[in-house]
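Residue numbers (my numbering), protein chains in the order written: chain R, 58 to 292; chain U, 58 to 292. The C-beta atom is built at its ideal place from N, Cα and C for all residues, glycine as well. What follows is a short report on a single structure.
Protein chains: 2
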Amino acid sequence: MSAADTAAATEPVLVFPDPAPADLVQTLDLSGFAWKAVGDELGATRHEPDSGWGGAVVCADTDPEGAFALCRALRRRDAPVAPVLLLISGAQLGELELREDLYDDFCLSPFHPRELEARLRHQFWRSGGGVQAELVEYEPLVLNLETYQALIAGRPLDLTYMEYELLKFLAQHPGKVFTRETLLSRVWGYEYYGGARTVDVHVRRLRAKLGEEYANLIQTVRSVGYRFGQSRWAG
Amino acid sequence: MSAADTAAATEPVLVFPDPAPADLVQTLDLSGFAWKAVGDELGATRHEPDSGWGGAVVCADTDPEGAFALCRALRRRDAPVAPVLLLISGAQLGELELREDLYDDFCLSPFHPRELEARLRHQFWRSGGGVQAELVEYEPLVLNLETYQALIAGRPLDLTYMEYELLKFLAQHPGKVFTRETLLSRVWGYEYYGGARTVDVHVRRLRAKLGEEYANLIQTVRSVGYRFGQSRWAG
DNA sequence: ACAAATGTGAACGCCATGTGAACGACGGCG
DNA sequence: CGCCGTCGTTCACATGGCGTTCACATTTGT
Numbered sequence: 058m059s060a061a062d063t064a065a066a067t068e069p070v071l072v073f074p075d076p077a078p079a080d081l082v083q084t085l086d087l088s089g090f091a092w093k094a095v096g097d098e099l100g101a102t103r104h105e106p107d108s109g110w111g112g113a114v115v116c117a118d119t120d121p122e123g124a125f126a127l128c129r130a131l132r133r134r135d136a137p138v139a140p141v142l143l144l145i146s147g148a149q150l151g152e153l154e155l156r157e158d159l160y161d162d163f164c165l166s167p168f169h170p171r172e173l174e175a176r177l178r179h180q181f182w183r184s185g186g187g188v189q190a191e192l193v194e195y196e197p198l199v200l201n202l203e204t205y206q207a208l209i210a211g212r213p214l215d216l217t218y219m220e221y222e223l224l225k226f227l228a229q230h231p232g233k234v235f236t237r238e239t240l241l242s243r244v245w246g247y248e249y250y251g252g253a254r255t256v257d258v259h260v261r262r263l264r265a266k267l268g269e270e271y272a273n274l275i276q277t278v279r280s281v282g283y284r285f286g287q288s289r290w291a292g
Numbered sequence: 058m059s060a061a062d063t064a065a066a067t068e069p070v071l072v073f074p075d076p077a078p079a080d081l082v083q084t085l086d087l088s089g090f091a092w093k094a095v096g097d098e099l100g101a102t103r104h105e106p107d108s109g110w111g112g113a114v115v116c117a118d119t120d121p122e123g124a125f126a127l128c129r130a131l132r133r134r135d136a137p138v139a140p141v142l143l144l145i146s147g148a149q150l151g152e153l154e155l156r157e158d159l160y161d162d163f164c165l166s167p168f169h170p171r172e173l174e175a176r177l178r179h180q181f182w183r184s185g186g187g188v189q190a191e192l193v194e195y196e197p198l199v200l201n202l203e204t205y206q207a208l209i210a211g212r213p214l215d216l217t218y219m220e221y222e223l224l225k226f227l228a229q230h231p232g233k234v235f236t237r238e239t240l241l242s243r244v245w246g247y248e249y250y251g252g253a254r255t256v257d258v259h260v261r262r263l264r265a266k267l268g269e270e271y272a273n274l275i276q277t278v279r280s281v282g283y284r285f286g287q288s289r290w291a292g
């Protein structure tokens, strides 16, 4: 665990895992980024600078599950970590599917040092210049990912944590059908072990809070799972 | 200049230069993206679809100056082209500096096809969720495998699970004849033990839902089984 | 014309889902 | 320290959709 002395305008970058891979360390140091390695979510909060993390570089080729779990945790914080850059091997490209929300950019490993540097620079440029209110919008539904608030047809929804996460995931992939097992692994977490009926109950409560008029935003596809919204082509 | 035949939910993607590199063409086609190659800004406006470009993939390793000029032009338009993906060689990484505003993401060339596909998917997801869906198409019939929805001549079909699975399997092998036993093992499952007449009933209900006009999409081959669509050697 | 194969209508019965309620973990508060 | 409210999870029960089956009608091939 160490930090580059080169003065950087940004806050230190979170690096996973701990200890960080040698080539990653070298590139970060040469590029003048301050960084700190952490091993898990606990370390991420424990070693967080007072002014928050400046970003994150998560290396997923040694411990994929831990890496994705950390990404999920970083995004769920009160102050989400700004740019999350994923470092994966070519064989893991398939794992990115349905995890679009977990990262801002990725880089294949082994990487060209200057490529990683260019990606970091670009991501920091984007997050510094463009202040984009992170919203998920689908017709009458609006989710504000920063404030954890939800609006249905302008009316505020009072959602619990899990309800919000489930609705967020579904609304981010409108029209697509998910099995209960998929929802459990993507929303609850990879290592979740529990009954699939839990999903049903959360769907029921979401429908109730959406109100009679919008309850059908979440449709059940019998013997498959659930789907949010209409398909893009249905008319 | 050409376009992928796979129907995509998104608008066609602008590709530079014209003609487009062979490996890029192959990846775009395999990934199911519709695209059009243009040689300059003039071509970009001239060949623009009515609903605008769905994005852009700009290859900069042959004509860097023309590529960056096009990027700048695309961003200056009244309706800026949504995700701009830059394709550059490793030696050109330095050129990216001070051009952060010209692109949304980049990919090193020569590229891993699946990396380019993943980047395109991620960028399209960020810009509004328009991703190309897995489709099974046969003339008037379209099956969306992600949403579990079916269209016949533009009209939505309300199918049950087994009906959908059976139709999907048949439509995936148009023209081929399957015995009831084969269908039972491939659609219902290997260990299935039940009457073969079950297939008949499902075929009947499918025909009914397809409507009088399209009922003959599923043809019965006497004393053999069923076939979807026209036979390959029939006139 | 006869038998085999397939279409047709209806009924049965299981299982996936909806529904209500309770349990237990966790955190705040007096 | 103990009470209480919240929230995620789980269980038991109800129900209705849907897959399956059967009996009978119709068609097809020889």
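Spatially closest choice to residue i from the options, by CA coordinates
i, options, result
"Pro140(U)", "Gln287(U), Asp158(U), Leu241(U), Gly147(U)", "Asp158(U)"
"Val234(U)", "Asn201(U), Leu192(U), Arg284(U), Asn273(U)", "Arg284(U)"
"Gly96(R)", "Val82(R), Gly109(R), Pro76(R), Thr84(R)", "Pro76(R)"
"Glu152(R)", "Thr255(R), Asp118(R), Arg171(R), Ala130(R)", "Asp118(R)"
"Leu85(R)", "Pro170(R), Arg133(R), Leu165(R), Tyr195(R)", "Pro170(R)"
"Asn201(R)", "Trp182(R), Lys225(R), Gly109(R), Tyr247(R)", "Lys225(R)"
"Trp110(U)", "Asp120(U), Ala94(U), Pro121(U)", "Ala94(U)"
"Ala79(U)", "Pro167(U), Thr239(U), Val138(U), His179(U)", "Pro167(U)"
"Ala272(U)", "Ala228(U), Arg279(U), Arg264(U)", "Arg264(U)"
"Arg178(R)", "Arg279(R), Ser88(R), Val82(R)", "Ser88(R)"
"Leu150(U)", "Arg176(R), Ser184(R), Pro231(R)", "Arg176(R)"
"Ile275(U)", "Tyr195(U), Leu127(U), Pro121(U), Trp245(U)", "Tyr195(U)"
"Leu99(U)", "Val82(U), Gly123(U), Glu203(U), Tyr250(U)", "Gly123(U)"
"Leu144(R)", "Val281(R), Pro137(R), Cys116(R), Val244(R)", "Cys116(R)"
"Ala253(U)", "His259(U), Gly246(U), Arg237(U), Gly185(U)", "Arg237(U)"
"His230(R)", "Arg262(U), Tyr247(U), Arg183(U)", "Arg183(U)"
"Phe125(R)", "Gly185(R), Glu248(R), Val260(R), His259(R)", "Glu248(R)"
"Glu203(R)", "Ala136(R), Tyr250(R), Pro121(R)", "Ala136(R)"
Local conformation of residue i per DSSP, three classes
i, result
"Glu222(U)", "helix"
"Ala207(R)", "strand"
"Leu71(R)", "strand"
"Ala77(U)", "coil"
"Val281(U)", "coil"
"Glu174(U)", "helix"
"Glu248(R)", "coil"
"Leu198(U)", "strand"
"Leu267(U)", "helix"
"Thr217(U)", "coil"
"Gln287(R)", "coil"
Beta-carbon separation (whole angstroms), residue i vs residue j, contact threshold 8 Å
i, j, result
"Val70(U)", "Ala91(U)", "7 Å"
"Leu223(U)", "Leu240(U)", "7 Å"
"Phe181(R)", "Leu127(R)", "Rounded, the Cβ-Cβ distance is 20 Å, inconsistent with contact."
"Leu155(R)", "Arg243(R)", "6 Å"
"Gly44(R)", "Gly232(R)", "Residue 44(R) lies beyond the stretch modelled for chain R, which goes from 58 to 292, so this question has no answer here."
"Gly112(U)", "Val138(U)", "6 Å"
"Tyr205(U)", "Val278(R)", "5 Å"
"Val193(U)", "Ala228(U)", "5 Å"
Restricting to runs no shorter than 3 residues, where is the beta strand (DSSP E) found entirely within the segment 90 to 171 of chain R? 92 to 94, 112 to 116, 141 to 146, 162 to 166
Any contact between the segment 213 to 223 of chain R and the segment 85 to 104 of chain R? By contact I mean 3 or more CB pairs, one from each, below 8 Å. no
Stretch pair the segment 261 to 274 of chain R + the segment 203 to 213 of chain R: three plus CB contacts closer than 8 Å: yes
Touching by the beta-carbon criterion (3+ pairs, under 8 Å), the segment 119 to 136 of chain R and the segment 161 to 179 of chain R: no
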